Amino acid sequence: MDKAGRQWQAVASHERLQRRARLLKGIRAFFDARGVLEVETPLLSPTATTDPHIDSLQCRFRGRPYYLNTSPEYAMKRLLAAGAGAIYQVCKAFRDDVPGALHNPEFSLLEWYRPGFDMHRLMQELQALLAQCWQQSTTGTGFPGVNTVSYQQAFEQSIGLNPHTANAAQCYHSALAHNIEIPQGLGEKDPVNDWLDWFMLSVVAPGFGKNGFTFLYDYPASQCSLARLDRNEQGHTVAKRFELFYGEIELANGFDELTDADEQRRR
439 MDKAGRQWQA
449 VASHERLQRR
459 ARLLKGIRAF
469 FDARGVLEVE
479 TPLLSPTATT
489 DPHIDSLQCR
499 FRGRPYYLNT
509 SPEYAMKRLL
519 AAGAGAIYQV
529 CKAFRDDVPG
539 ALHNPEFSLL
549 EWYRPGFDMH
559 RLMQELQALL
569 AQCWQQSTTG
579 TGFPGVNTVS
589 YQQAFEQSIG
599 LNPHTANAAQ
609 CYHSALAHNI
619 EIPQGLGEKD
629 PVNDWLDWFM
639 LSVVAPGFGK
649 NGFTFLYDYP
659 ASQCSLARLD
669 RNEQGHTVAK
679 RFELFYGEIE
689 LANGFDELTD
699 ADEQRRR
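According to my numbering, numbering within the sequence shown proceeds without interruption in unit steps and concludes at 705.
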């Protein structure tokens with residue numbers, strides 16, 4: 439049979455479909471046992487995402503533009519504001535991003551909210567979910583656990599730089615001192631966040647254990663997004679948010695959510 443004759447065939451094997459079904463069943467059982475309610479929110483919206491770093495996919499209905507959701511965040515927060523309590527959702531999300539080995543325009547996403555949980559309780563719950571999913575999806579290997587490190591610790595260990603106090607010139611000279619390749623157009627006068635993002639991509643994340651999980655927490659205040667700000671042990675103002683990596687691949691993120699309406703409006 440030629441290649442054209444095989445185009446109707448599904449990519450996923452029956453075994454993979456069964457494993458995925460068991461994984462979803464396990465996720466639902468995990469949250470049900472903890473009293474977290476499953477919800478479903480619209481995939482189609484008359485407005486695009488407000489995140490400047492994410493592009494929405496657009497479609498049209500009866501001549502009007504609509505947008506496929508990039509995540510269920512805002513719809514789920516409407517439910518939270520109405521008193522829904524702890525909720526979760528497994529759904530499709532869509533993003534107009536460059537496709538590649540780690541990016542598809544359409545993908546499945548798990549999102550949940552835990553009123554009353556701080557960032558560290560969320561990390562603990564995510565680790566428990568990871569351990570369960572690992573046991574259901576793998577054979578012969580035990581769950582490797584999760585290494586937990588602050589954003590500041592990760593940068594100081596990798597390149598000797600304090601990300602909460604460094605300026606662009608210090609970032610530039612740190613790159614030179616550690617023989618880190620500097621991309622064209624990135625210089626001493628560029629925003630510090632551009633430098634921090636480059637260091638994270640090129641040096642910090644690649645230094646995480648290749649076959650293990652890493653929690654990175656307490657991000658710079660300039661990268662707070664919709665997270666609450668607080669002081670860390672060193673007295674620096676930090677964003678109470680975290681990301682989870684497997685090797686150098688980001689898998690998840692979480693926030694100690696900002697609930698100050700005036701501050702949210704200002705941002």
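For glycine and all other residues, C-beta sits at the position ideal for the given N, C-alpha and C.
Quick caveat, the model's predicted, so the values are computed rather than measured.
Host beta strand (DSSP E) of residue i (start-end)
{"i": "C529", "result": "525-532"}
{"i": "N691", "result": "687-693"}
{"i": "R498", "result": "495-499"}
{"i": "P503", "result": "502-506"}
Neighbourhood of residue i by C-beta, 6 Å cutoff - its chain only, sequence neighbours within 5 removed
{"i": "D628", "result": "A606"}
{"i": "N585", "result": "T652"}
{"i": "V528", "result": "L548"}
{"i": "Y702", "result": "For the sequence presented, residue 702 should be read as Gln rather than Tyr. Closer than 6 Å at Cβ, skipping near neighbours: L696."}
{"i": "T579", "result": "none"}
{"i": "I620", "result": "A613"}
Best match in the options for proximity to residue i [C-alpha to C-alpha]
{"i": "L667", "options": "P537, F693, F683", "result": "F693"}
{"i": "N691", "options": "A459, A519, E549, D489", "result": "E549"}
{"i": "N657", "options": "D534, Y526, A520, T603", "result": "Note on residue identity: the sequence assigns Tyr, not Asn, to residue 657. With distances taken between Cα atoms, Y657 lies closest to T603."}
{"i": "L682", "options": "S663, A665, L654", "result": "L654"}
{"i": "V642", "options": "K515, N542, H616", "result": "H616"}
{"i": "S494", "options": "R705, D535, E478, S451", "result": "D535"}
{"i": "H491", "options": "A677, D700, Q661, G685", "result": "Q661"}
{"i": "N670", "options": "F469, R704, S588, K463", "result": "S588"}
{"i": "A699", "options": "Q672, L664, T675, R460", "result": "L664"}
{"i": "T485", "options": "E476, R498, Y505, G501", "result": "Y505"}
{"i": "E453", "options": "F555, E476, T576", "result": "T576"}
{"i": "R460", "options": "Q573, E626, Q622", "result": "Q573"}
{"i": "A659", "options": "N649, H674, K648", "result": "H674"}
{"i": "N649", "options": "S546, L462, G685", "result": "G685"}
Assigned exposure category for residue i - 16 Cβ within 10 Å defines buried
{"i": "W636", "result": "buried"}
{"i": "I687", "result": "exposed"}
{"i": "R679", "result": "buried"}
{"i": "W633", "result": "buried"}
{"i": "E511", "result": "buried"}
{"i": "T508", "result": "buried"}
{"i": "Q590", "result": "buried"}
{"i": "V449", "result": "exposed"}
{"i": "F469", "result": "buried"}
{"i": "S596", "result": "buried"}
{"i": "P601", "result": "buried"}
{"i": "L564", "result": "buried"}
{"i": "F532", "result": "buried"}
{"i": "A677", "result": "buried"}
{"i": "F499", "result": "exposed"}
{"i": "F646", "result": "buried"}
Span of the alpha helix (DSSP H), counted from its first residue to its last, around residue i
{"i": "K515", "result": "511-519"}
{"i": "C609", "result": "606-615"}
{"i": "K463", "result": "452-471"}
{"i": "Q702", "result": "699-704"}
Residues of its chain near residue i, where Cβ-Cβ distance is below 7 Å and the 5 sequence neighbours each way are ignored
{"i": "D569", "result": "The question names Asp, but residue 569 in the sequence shown is Ala. Within the same chain, A569 has close Cβ partners F581."}
{"i": "P503", "result": "Q496"}
{"i": "T479", "result": "P510, A513, M514, Q527"}
Other residues of its chain near residue i: CB distance less than 8 Å, five sequence neighbours each side excluded
{"i": "L599", "result": "F593, Q608, C609, S612, F637"}
{"i": "P537", "result": "P543"}
{"i": "R559", "result": "R552"}
{"i": "G521", "result": "none"}
{"i": "G464", "result": "Q570, C571, Q574"}
{"i": "N631", "result": "P658, S660, Q661"}
{"i": "D556", "result": "K678, D694"}
Neighbour flag for residue i against chain D, beta carbons, 7 Å
{"i": "L495", "result": "This model lacks chain D altogether; it includes just one protein chain."}
Q) If you scan the segment 542-597 from start to end, which runs of the alpha helix (DSSP H) of 4 or more residues do you find wholly inside it? A) For the segment 542-597, whole alpha helix (DSSP H) runs of length 4 or above, ordered along the chain, are 557-575, 589-597.
Q) Quick one: complete alpha helix (DSSP H) runs, 4+ long, within the segment 602-677? A) DSSP runs (the alpha helix (DSSP H)) wholly in the segment 602-677: 606-615, 630-637.
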